[in-house]
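Here the sequence shown is numbered in UniProt numbering, starting from 1 and rising by one per residue. Comments concern the structure below.
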Amino acid sequence: MKTQVPVQKNQKYDVEVTDLSYQGLGVAKIDDFPIFVENALPTELATILVTKVKKNFAFGKALKIIRQSQDRVKPIDGAYTQTGIAPLQHLAYPAQLTFKQHQIQTDFAKMKLDVEVAPTIGMETPYHYRNKAQIPVRMLNGRLQTGFYRKHSHDLVPIEDFYIQDPEIDKAVVIVRDILRKFQITPYDEQTHRGVIRNIMVRRGHYSHEMMVVLITKSKKLPSQSDLVSEIVEQLPEVKSIVQNINPKATNALMGEKNKVLWGKGSITDQLMGLTFEISPNSFYQVNPIQTEKLYQLAIQKAQLNKDDTVIDAYCGIGTISLSLAKVVKKVYGVEIVPEAIEDAKRNAKLNNITNCRFMVGKAEEQLAKWQKEGLKPDVIVVDPPRKGLAESLIRSVAEMSPQRLIYVSCNPATLARDAKLFSEHGYQINQPIQPVDQFPQTVHVESVTVLERIGK
Ligand code: SAH
């Protein structure tokens with residue numbers, strides 16, 4: 001039996017937008033059939049063109065906004081709309097913060113969990129925040145260009161001002177681009193899988209102002225290597241590290257496994273929470289330092305730590321959370337899957353004269369099971385997983401170890417709510433408001449801290 005879909009591709013409709021999807025698309029309904037509309041906001045009346053029709057929903061784009069939302073602001077730049085660098089740039093910042101708070105409420109409601117969500121803690125200046133850029137390099141009409149991909153494609157849109165990045169990083173990307181042009185380095189071509197330079201990655205310490213430039217290449221050989229290096233060093237005095245990362249694969253994965261230090265150090269340092277951190281090219285490091293400090297402060301405060309406590313920091317990266325709380329507890333155990341990150345974490349402990357942390361390379365779900373078998377009894381566990389959230393087996397191990405409290409730092413409310421549901425079945429509940437902290441202004445990403453407490457003693 002086939003039900004009739006009420007809309008057709010390439011047809012225009014006048015609709016009222018009633019919601020904003022987690023991807024930042026306006027949601028309109030015709031006969032209960034949802035249409036996801038680019039560049040449309042709740043309360044708006046719009047003429048839309050349906051661009052794609054699926055069985056249970058359709059996509060469209062707004063041709064004309066007949067009645068505007070009070071929260072609509074003028075987009076900063078058309079290129080951002082084309083590329084999706086800043087998918088919420090048309091929404092006023094206070095409304096972005098409310099959107100993120102609601103997103104968490106919606107995901108918990110879907111799980112039938114009744115929780116309170118506090119208003120999102122925002123940024124005073126909600127742009128120019130990213131301390132890291134990963135910029136594709138492509139040939140466009142015979143010229144080497146840097147920029148960003150057009151939405152739903154790999155066509156490059158040239159961009160010099162990325163708006164959400166540290167402006168010093170934007171300048172560095174343009175300088176490196178011009179140096180690549182000068183020495184006629186061939187950009188990578190995805191179609192033929194040929195060419196030399198695929199991406200430029202730049203990281204800059206928010207406090208230290210140390211800069212790292214990573215040239216991600218298809219080939220092992222980097223023509224004019226010494227000229228490139230000396231020009232970069234000369235034109236970018238903040239650069240402390242130049243690395244070549246070789247990624248020979250025809251994949252979407254940005255970085256390959258092999259790094260070659262071309263000049264300077266193999267890592268840069270930055271400060272966070274009053275501590276010094278070394279950061280290697282492949283290690284994860286939070287991209288918004290100002291908001292990260294707010295996030296960590298909250299996480300530590302909510303953990304209610306004592307000097308006799310043992311803490312596990314699962315998904316510890318280069319040890320930023322572990323080392324930030326090490327001073328106030330007896331012992332911290334950190335686990336992380338990327339070996340370079342654990343090397344960084346160990347060096348960072350030394351660098352900061354911290355001796356009560358133990359860092360292990362491994363999958364958090366496997367290491368927690370091991371620790372549990374060995375009889376480790378943490379008082380508090382901190383988890384900060386990637387978007388896919390926690391493995392069910394990790395949740396079981398946590399429950400077996402039965403810490404008083406679990407601090408869940410999440411970058412994806414959907415998996416947070418799913419995991420919180422499982423925790424509730426294992427005797428852990430949320431007694432205080434979930435706190436969103438906006439780490440990614442102008443985008444749809446939602447970061448938050450949740451405290452899960454053991455029921456009973
Ligand atoms: N807490 C750190 C890192 C958080 S990002 C910080 O705030 O800086 C998540 C980290 O989890 C990344 O470093 C990633 O490499 C790591 N990771 C991903 N899957 C993992 C797994 N299964 N086990 C352990 N670590 C994992």
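In this text, a Cβ means the ideal position worked out from N, Cα and C, and glycines have one as well. None of these values were measured; they are calculated from a predicted model.
Linking residue 127 to residue 121 through their CA atoms gives a straight-line distance of about 15 Å. At a cut-off of 6 Å, the beta-carbon of residue 447 does not count as near ligand 1: no heavy atom of the ligand is closer than that. Within the same chain, 107, 108 and 111 come within 6 Å of residue 417 by CB-CB distance, once the 5 residues on both sides are set aside. The beta-bridge partner set that DSSP reports for residue 324 is empty.
Counting every other CB atom within 10 Å of its CB across the protein chains shown gives residue 359 a total of 16 or more, marking it as buried. Boundaries for residue 241: no alpha helix (DSSP H) harbours it, while the beta strand (DSSP E) harbouring it runs 239 to 246, taken from the DSSP string.
Here residue 432 is exposed: its Cβ has fewer than 16 other Cβ atoms, across all protein chains shown, within 10 Å. Around the beta carbon of residue 138, 16 or more other beta carbons sit within 10 angstroms, so the residue counts as buried.
Here the region 258 to 266 lies against the region 222 to 241, with 3 or more beta-carbon pairs under 8 Å apart. The Cβ atoms of residue 30 and residue 7 lie closer than 7 Å to each other. Of the candidates 426, 63, 413 and 434, 426 places its Cα closest to the Cα of residue 456. For residue 291, the enclosing alpha helix (DSSP H) covers residues 289 to 303.
In this structure, DSSP gives residue 370 a helical state, which the three-state scheme calls helix. In this chain, the beta strand (DSSP E) harbouring residue 144 covers 143 to 149. Relative to ligand 1, the beta carbon of residue 384 is positioned inside 6 Å of a heavy atom.
Closest in C-alpha terms to residue 363, from the list 334, 354, 297 and 380, comes 334.
Contact between the region 234 to 250 and the region 321 to 339 is absent: fewer than 3 CB-CB pairs across the two stretches fall below 8 Å. For residue 312 and residue 409, the gap between their C-alpha atoms comes out near 13 Å. Residue 15 and residue 25 have their C-alpha atoms some 14 Å from each other.
Residue 394 holds the alpha-carbon nearest to the alpha-carbon of residue 370 among 394, 23 and 404. The beta carbon of residue 235 sits closer than 8 Å to those of 175 and 179, all from its chain and outside the five residues before and after it, given in chain order. A straight line joining the alpha-carbon of residue 68 with that of residue 214 spans about 43 Å. For residue 13, the enclosing beta strand (DSSP E) starts and ends at 12 to 20. Between residue 270 and residue 208, the C-beta gap is smaller than 7 Å, which places the two residues in contact.
When only Cα atoms are considered, residue 48 and residue 85 end up about 23 Å apart.
Closer than 6 Å to some heavy atom of ligand 1: that describes the Cβ of residue 286. Judged by their CB atoms, residue 79 and residue 157 are nearer to each other than the 7 Å cut-off.
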